[in-house]
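What follows is a single structure, written as structure tokens, with notes after it.
Residue numbers (our numbering): 12 to 199.
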């Protein structure tokens, strides 16, 4: 009888401890790691955007695929990158004579099954959105956005630049613009 009185509370304690351990362990497996990065970048001018770009295109985002790879900025770490597939609607500036109707843009940040990386100051995209993007070829397959967030402007109806992009637009171009105004900045 004495052993039962001792054994039952010990067994209950073991079952509760195992339950708590399991809940905590499994709960952690379901949680994503979030990496927050605040990018500092130099303010660019219109001339610098143009000089550092292989093209300026109006694009529509077709899809976004995020993945983890070796970090370009954090030695020995992994970062999340997103390959943004876009359809080119129009080239506004194209000294390289690009003819691609579809491009892949690689940006820092995104979300995988295990990790979410938020890059404040980086260019970000949403499926279906239309944008004007200053592009630089990274390799045969991939382009980068020149100037980080300063090189991407969301287009809605006849308006170009949303939220923080409007601030960049005023800093770089000296004014807010309609899409037609923006086009005229790059046509002769």
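Note that CB positions come from ideal geometry on N, CA and C, so glycine has one too.
Values in this document were obtained by computation on a predicted structure and should not be read as measured data.
Counted within 10 angstroms of its Cβ, other Cβ atoms place residue 124 as buried (16 or more) or exposed: exposed
Within the same chain, show all residues whose beta-carbon is closer than 8 angstroms to that of residue 169, passing over the 5 residues directly before and after it, in chain order. 189, 190, 191
Could you name the residues of the same chain whose beta carbon sits closer than 8 angstroms to that of residue 194, not counting the 5 residues immediately before and after it, in chain order? 103
Nearest to residue 93 by CA position, among 72, 145, 183, 141, is which residue? 72
Give the secondary structure of residue 77 by DSSP, where H, G and I count as helix, E and B as strand, and everything else as coil. strand
Quick check on the burial criterion: 16 or more other C-beta atoms within 10 angstroms. Buried or exposed for residue 87? exposed
Measure the alpha-carbon distance for residue 74 versus residue 118 and round it to whole angstroms. 13 angstroms
The alpha helix (DSSP H) with residue 235 in it runs from where to where? Residue numbering for the chain in the displayed model covers 12 to 199; residue 235 lies beyond these limits and cannot be assessed.
Cα-Cα separation between residue 90 and residue 130, rounded to whole angstroms: 11 angstroms
Is the number of C-beta pairs between the stretch 170-187 and the stretch 96-115 that are closer than 8 angstroms three or more? no
Considering only the alpha carbon of each residue, which of 76, 55, 59, 143 lies closest to residue 120? 76
State the DSSP-derived secondary structure class of residue 193, mapped to helix, strand or coil. helix
According to the Cβ coordinates, are residue 136 and residue 163 closer than 9 angstroms? yes
Sequence-distant residues of the same chain with beta carbon closer than 6 angstroms to residue 186, five excluded per side: none
Is the closest heavy atom of the ligand NAP to the C-beta of residue 192 under 8 angstroms? Absent from the structure shown: the ligand NAP. Ligands present: none.
Which runs of the beta strand (DSSP E) spanning at least 3 residues fall entirely within the stretch 85-144, listed in chain order? 89-104, 113-119, 126-131
DSSP puts residue 70 in a beta bridge; with which residues? 99, 142
Measuring CB to CB, does residue 145 end up less than 9 angstroms from residue 61? yes
Go through its chain and collect everything with a Cβ distance to residue 56's Cβ below 7 angstroms, but skip five positions before and after it. 183
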